[in-house]
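Peer 1:
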Ligand SMILES: [Fe+2]
Ligand SMILES: [Fe+2]
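Right under this line is the structure:
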């Protein structure tokens with residue numbers, strides 16, 4: 187069976203990731219290279235692992251996460267769909283089963299907020315992992331542009347993490363921001379992404395909670411009930 191390790195050792199995928207990162211850098215986007223791919227791969231896998239999905243499904247999520255942005259090597263627009271089309275023949279060439287390829291390509295083809303839908307568990311994990319990668323390290327060193335809202339928001343995020351509360355089935359995304367941007371600015375550019383995460387969490391039988399600087403941003407009935415119970419105890 188094709189593993190994440192095989193994908194990492196495949197020079198064609200490495201070259202596509204390198205070119206995708208180069209193209210994003212050229213148009214002034216935040217970091218889209220190996221760091222982003224590695225983070226999304228690991229986070230997507232961790233989410234499914236915490237929710238006790240089969241190990242092979244976790245591995246497919248890790249692979250989808252690693253190669254999800256290769257379409258950026260062609261164009262930012264519709265990079266999910268072009269990326270899926272690029273991945274398909276390469277995965278065939280590596281001898282992966284067609285059902286597994288379709289799981290991966292459907293997830294890649296649905297990870298963009300403009301055209302994406304939560305079509306299966308790998309797509310759901312990929313969406314949450316991808317949309318939760320906001321962090322200071324995504325602003326290239328010496329490349330910070332204070333006039334760019336994406337740079338300001340990413341630079342302001344000193345810490346971010348995705349956790350899965352198994353007991354109450356909540357996927358919690360928490361960020362810590364400093365004053366170089368604001369939660370208002372974060373919401374301006376992340377609103378649709380966070381709503382997509384809510385849908386993805388729901389597909390996984392969970393709710394999604396965004397916590398910014400210790401404050402719950404979206405309503406979460408499970409957490410709200412727990413807090414009320416704690417206060418009245
Ligand atoms: Fe993407
Ligand atoms: Fe991405």
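Residue numbers (my numbering): 187 to 419. Positions of the beta carbon are idealized from the N, C-alpha and C atoms, including for glycine. What you are looking at is a predicted structure, and each value in this text was computed from that prediction instead of being measured.
#1: Just verifying my parser: in three-state terms, what is the DSSP assignment at residue 334?
#2: Is it the case that the CB of residue 255 approaches a heavy atom of ligand 1 more closely than 6 Å?
#3: From this set, 317, 377, 240 and 385, which residue's C-alpha is nearest residue 348's C-alpha?
#4: Secondary structure at residue 361, three-state DSSP: helix, strand or coil?
#5: Assuming the contact rule is C-beta atoms closer than 8 Å, residue 199 and residue 260 should be a hit. Round their C-beta distance to whole Å, please.
#6: Applying the 10 Å Cβ sphere with the 16-neighbour rule, what's the burial state of residue 352?
#7: In three-state DSSP terms, what is residue 345?
#8: How long is the line joining the alpha carbons of residue 262 and residue 208, rounded to whole angstroms?
#9: Count the other CB atoms, across all protein chains shown, that sit within 10 Å of the CB of residue 242; report buried if there are 16 or more and exposed otherwise.
#10: Of the residues 396, 270, 258 and 189, which one's Cα is nearest the Cα of residue 294?
#11: Using only the alpha-carbon positions, how far apart do residue 391 and residue 356 sit?
#12: Three Cβ pairs or more, each shorter than 8 Å: is that satisfied between the segment 385–404 and the segment 325–340?
#13: Determine contact between the segment 273–286 and the segment 301–318, defined as no fewer than three beta-carbon pairs at a distance below 8 Å.
#14: Provide the residue span of the alpha helix (DSSP H) that contains residue 246, from first to last.
#15: Which whole-angstrom value describes the C-beta separation of residue 175 and residue 308, a residue pair presumed to lie in contact below a C-beta threshold of 8 Å?
#16: Grouping DSSP H, G and I as helix and E and B as strand, with all else coil, what is residue 228?
#17: Which same chain residues end up closer than 7 Å to residue 244 when comparing Cβ atoms and leaving out the 5 residues on each side of it in sequence?
Peer 2: On the basis of the supplied data:
#1: coil
#2: yes
#3: 317
#4: strand
#5: The pair is not a contact, with the Cβ atoms about 15 Å apart (cut-off 8 Å).
#6: exposed
#7: strand
#8: 12 Å
#9: exposed
#10: 270
#11: 9 Å
#12: no
#13: no
#14: 241–253
#15: In the structure as shown, the chain starts at 187 and stops at 419, and residue 175 therefore has no counterpart that could be examined.
#16: helix
#17: 231, 234 and 235
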